[in-house]
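To start, the structure under review is shown below, and the notes come after it.
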Amino acid sequence: NVAYSYWMQASSQSSRTLTEQRLFRMIDCLVISTVLFRSELLLLLAPITLLELSMARIRFFPTVLEGIKAGLASLAVAVAVDSWFWRQWMWAEGAVFWFNAVQGKSVAWGISPWHTYFSSLLPKISGVALPLALAALVIEPRFRRYMLPAGVFVGLYSFLGHKEWRFIVYVVPIMNLGAAITLSWVIKRKTLAYRLLAVALFGALGLNFLLSVAQSVISSQNYPGGVAMQRLHELELHHFSAAHVHIDGAAAETGCSRFGEIGSQVTPYPWTYSKDESHIVHQDYLYYTHLLTSQPEFHRHDYEILEQVDGYAGLARVPLGQLKQTCPSAIKELVSNLSLSKLSKETAVRLWEECSPVQIKKEGRIWIMRRVGAV
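Residues in the sequence shown are numbered consecutively from 789, following this note's numbering.
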């Protein structure tokens, strides 16, 4: 968003020098973000830079020099920080780019048709903003300079087989800008038809917001692996100064990451964690004191279950009769808390659970297990 702000500020500057300065700040932001955080932003930086070069708003050699300076500075920071954490020379985002894009191994996580971003994922994350942004292309010609690189970015990313909405989420601010342009245009029209259209569009935006909140709530229930790692530490950290934990694929894919690991700064001896996928027979696991697994039955002879962690398992419709029984008391509690200025997260959650016509179904996903006899 900071990069986008510089990009848009460049259009309102009174001199070419100021315009170029704003665009260089945009390039700095995108280069730094590419090197430090998300390498896919290179596919967004490239079409934006080429567009600005073609419009003669920046010069070629100063632009290249600016990109090199920002790239080298951010690369030095990235390598220093990553190498310190990994205890070896490492550029983490570069390794991810090499694995996913150059070696093409991202396909191991699944392949989607080439049109998935345009036909499914982009409408999903943009909602009503997408058609409004398309309308803005006709209403406001100046918006096209922002929409074009965004479309090229999504098109380039479509060549990779593995597709997820988070890879293209960077175009959502552009969609929102287009939606704002269209809404502003509609509101300025004073006829009854346009006023009714404005009401309908604002209603659609409100519905879009509610759907986004619902999706966020559902997504928060979809990381049982991360919850399992947290619960493992809460249950066992005081009993094991050193432990060897195996994390299976399902746990790793649902939130078990290095950010949740416990090291020597907390315990006298570090806990160790493994995501080794080569284990086949029971004996391969006996080295580990604990398991975070989705297959407790496979390990039941050698390990005992400490806790089951539930995860998202779909949606279920709540009968109207049940809502009539549970919802009034939840609303009464909400009103009481609001009058006392004591609204809490627990009250909001209870209101959702007692009054929503649709409830989240949960079932066991990850099991925390300890080797029998481990001390």
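We put the CB at the ideal spot given by N, CA and C, even for glycine.
| Item | Value |
| --- | --- |
| Closest residue to Val819 among Gly1037, Leu863, Gly915 and Tyr934 (Cα-Cα distance) | Leu863 |
| Ser821 versus Ala992, Leu860 and Thr904, residue with shortest Cα-Cα distance | Leu860 |
| Boundaries (first-last residue) of the alpha helix (DSSP H) holding His1021 | Pro1012 to Glu1024 |
| Cutoff 8 Å; reference Asn868; Cβ partners in own chain excluding five residues on either side | Checking the sequence shown, residue 868 turns out to be Ala, not Asn. Answer for Ala868: no residue qualifies. |
| Cα-Cα separation between Lys857 and Cys817, rounded to whole angstroms | 12 Å |
| Check whether Val1106 and Gln1147 have beta carbons under 7 Å apart | yes |
| Residue interval of the alpha helix (DSSP H) (run including Gln809) | Arg804 to Leu824 |
| Three or more C-beta pairs below 8 Å linking the segment 839-858 and the segment 964-971 | no |
| Environment of Arg977 [buried if 16+ CB atoms lie within 10 Å] | exposed |
| Ala1016 vs Leu1080 beta-carbon contact at 7 Å | yes |
| Presumed contact (8 Å Cβ cut-off) between Ile1172 and Pro929, rounded CB distance | Since the displayed the chain opens at 789 and closes at 1163, residue 1172 lies outside it and no answer follows. |
| Candidates Gln891, Leu999 and Gly1043: closest to Gly1014 by CA position | Gly1043 |
| Contacts around Lys1150, its chain only, beta-carbon distance under 8 Å, and the 5 residues preceding and following it disregarded | Gln1009, Asp1098, Gly1099, Tyr1100 and Ala1101 |
| Best match in Gln1110, Ile1119, Glu1092 and Pro1116 for proximity to Val1160 [C-alpha to C-alpha] | Glu1092 |
| Beta-carbon proximity of Pro1012 to Arg1153, cut-off 7 Å | yes |
| Val1033 - DSSP class collapsed to helix/strand/coil | strand |
| Of the listed residues Leu948, Trp877 and Ala1162, nearest to Phe1028 (C-alpha basis) | Ala1162 |
| Length of the line joining the Cα atoms of Arg826 and Tyr982 | 42 Å |
| C-alpha gap between Val1033 and Val884, whole angstroms | 24 Å |
| For Asp761: DSSP bridge partner residues | Since the first residue shown for the chain is 789 and the last is 1163, residue 761 is missing from the structure and cannot be characterised. |
| Secondary structure of Met796, DSSP reduced to three states | helix |
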